[in-house]
Amino acid sequence: MAITTPAEASGPNLERDVLQAFSKAQAVGLANPVLVGVIPFDKRQASSLFIPRHVSHLSPTSPPTAICGFACGQARQCVEQPDQVGFQQAVMRALDELRSGRLDKAVLSRLLQLEFDEPPCAATIFQGLRQQNPEAYHFLADLPDGGVLIGASPELLLRKTGQHLETNPLAGSAKRHKDSKADVQAANGLLDSSKDQHEHRLVIQDIERQLRPLCRTLNIPSAPSLMSTSRLWHLSTRISGELASPVSALKLACQLHPTPALCGFPTAEARRLIAELEPFDRGVFGGIVGWCDAAGNGEWAVVIRCGVIHQRQVRLFAGAGLVSASCPESEWRETGTKLGTMLSAFGLEREAV
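Following my numbering, the numbering of the sequence shown begins with -2 at its first residue and continues without gaps.
Structure representation (structure tokens):
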């Protein structure tokens, strides 16, 4: 049972269509049907959601200790969208907007388009992601155009159980190092970075603005902490609360998405700038992926550290948050480090720099 209704620019239609789909599923014997899928970065575009006949909720398990090769042959072509010059020029144009005061934050991204000599095996790549990034939110989803979205996101947009909610926005990052001393210095430097702290604070303030009116209690730490992945340190704030009245996880996730961590602030102005400066349509990149059941519970992660496999072609995505103190060269390097997660999963160990 598929649902393609956009999450925005259609009034309450998505919520209406989901409730109708839940009712139909319950009528054929599903006691608590579950909606799963992906909502694009641009909520005005079609959603990719469906209600499966069978759902299994598995306890977290250890990732596989070994994977059966990368099963994707050699990458024979790599196209950057934009290239380094184009990306840094776009950052400079965004900085003009930021320094004029028209925007507080903008997120610009880039794509790598790879072509392999044989179609990559999505299931094998997915298991490799689980092995290399066991702490992440892992996803593998078929897309309507025949592509397969896979990823290992570090960022939880929303988890809701009953009236309890959690969100864990990330904004501000630093590359990790194999040398332990250098790695500690990078982590401490991130905590001490006024630029990254400012970027992070913009995200937290906007999330608080949206959640506070809906919550009986809302717990927000006074300062961010560090979260680590295999390649990056992130500034992280774990927010939790109790809703004042029932709201579904899907409705809450759609309200929060896109946060300033993936779009910018103010949202409408940042989205306009992204459309002007990025030479591609993000599609599902920067969207949200997850599930929601008929009782209103659910979990949604941000679609980052991800790629889309379409036959022999693979598209990888990474973005960087910009504030007035950003440096074009540093932001290019940051997106390269972020692309490294997926490149490694495809057996390409080099970073995209």
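Note that CB positions come from ideal geometry on N, CA and C, so glycine has one too.
These numbers come from a predicted model, not from an experiment.
Rounded C-beta distance between residue i and residue j? I'm assuming under 8 Å.
| i | j | result |
| --- | --- | --- |
| L336 | L95 | Actually they do not touch by this definition, with Cβ atoms about 24 Å apart. |
| I201 | P166 | 7 Å |
| V88 | L259 | That belief does not hold up - the Cβ atoms of V88 and L259 are roughly 16 Å apart, past 8 Å. |
| L162 | L32 | That pair is no contact at about 18 Å. |
| F343 | P117 | 7 Å |
| F262 | S106 | Wrong, their Cβ atoms sit about 16 Å apart, outside the cutoff. |
| G144 | V300 | So it is not a contact: roughly 13 Å between Cβ atoms. |
Determine the burial state of residue i: buried for a count of at least 16 other Cβ atoms within 10 Å of its Cβ, exposed for fewer.
| i | result |
| --- | --- |
| E115 | exposed |
| D203 | buried |
| P276 | exposed |
| H197 | buried |
| R127 | buried |
| R228 | buried |
| T214 | exposed |
| R13 | exposed |
| A349 | For A349, the predicted model reports a pLDDT of 47, less than 50, meaning its position is unreliable; a value from the coordinates is still stated below. By the neighbour-count rule (16 or more Cβ atoms within 10 Å), A349 is buried. |
| S97 | exposed |
| P221 | buried |
| V76 | exposed |
| E273 | exposed |
Quick one: Cα of residue i to Cα of residue j, how far?
| i | j | result |
| --- | --- | --- |
| L46 | Q81 | 35 Å |
| E326 | Q124 | 33 Å |
| I48 | T338 | 30 Å |
| L223 | H231 | 6 Å |
| I64 | H54 | Residue placement at I64 cannot be trusted, given a pLDDT of 47 that sits under 50; the coordinates are not used to answer. |
| E112 | T2 | 32 Å |
| H307 | A138 | 12 Å |
| G159 | R312 | 37 Å |
| C324 | L153 | 27 Å |
| V25 | H51 | 12 Å |
| K157 | P243 | 11 Å |
| S341 | T164 | 28 Å |
| K178 | R330 | 21 Å |
| S219 | R206 | 15 Å |
| G66 | A119 | Because the pLDDT at G66 is just 48, under 50, the model does not fix this residue reliably, and the value given afterwards should be weighed accordingly. Using only the alpha carbons, I get a separation of about 12 Å. |
| R268 | A28 | 39 Å |
| H195 | L240 | 28 Å |
| L208 | R235 | 14 Å |
| L270 | D93 | 11 Å |
| I147 | T121 | 11 Å |
| Q252 | A291 | 18 Å |
| V181 | S20 | 53 Å |
| L140 | L247 | 19 Å |
| S190 | D142 | 42 Å |
Cβ atoms of residue j and residue i: under 7 Å apart, would you say?
| i | j | result |
| --- | --- | --- |
| V35 | V281 | yes |
| C289 | G283 | no |
| T334 | A317 | no |
| N216 | S237 | yes |
| K192 | A(-1) | no |
| A22 | P30 | yes |
| L100 | E266 | yes |
| L11 | A18 | no |
| F38 | R279 | yes |
| A184 | H174 | no |
| A171 | L187 | yes |
| L319 | A168 | no |
| S245 | G293 | yes |
Please return the same chain residues whose Cβ sits closer than 6 Å to the Cβ of residue i, not counting the five positions on each side in sequence.
| i | result |
| --- | --- |
| A149 | L126, N130, A133, H135 and R302 |
| W297 | L154, L155, A250, I285 and G287 |
| P257 | K102, L199, V200 and D203 |
| R309 | E112, F113 and P116 |
| T264 | none |
Do we get a CB-CB distance below 7 Å when we pair residue i with the residues of chain D?
| i | result |
| --- | --- |
| P116 | The chain labelled as chain D is not found in the depicted structure, where only one protein chain is given. |
Return the chain-ordered list of same chain residues with a C-beta closer than 8 Å to the C-beta of residue i, the five sequence neighbours on each side being excluded.
| i | result |
| --- | --- |
| R73 | E112, F113 and D114 |
Identify, in the order they occur along the chain, each residue of the same chain with its Cβ nearer than 7 Å to the Cβ of residue i, setting aside the five sequence neighbours on each side.
| i | result |
| --- | --- |
| P79 | A87, R107 and P276 |
| D176 | none |
| A43 | T1 and P3 |
| L211 | L240, A241 and V244 |
| E328 | V88, A317 and L319 |
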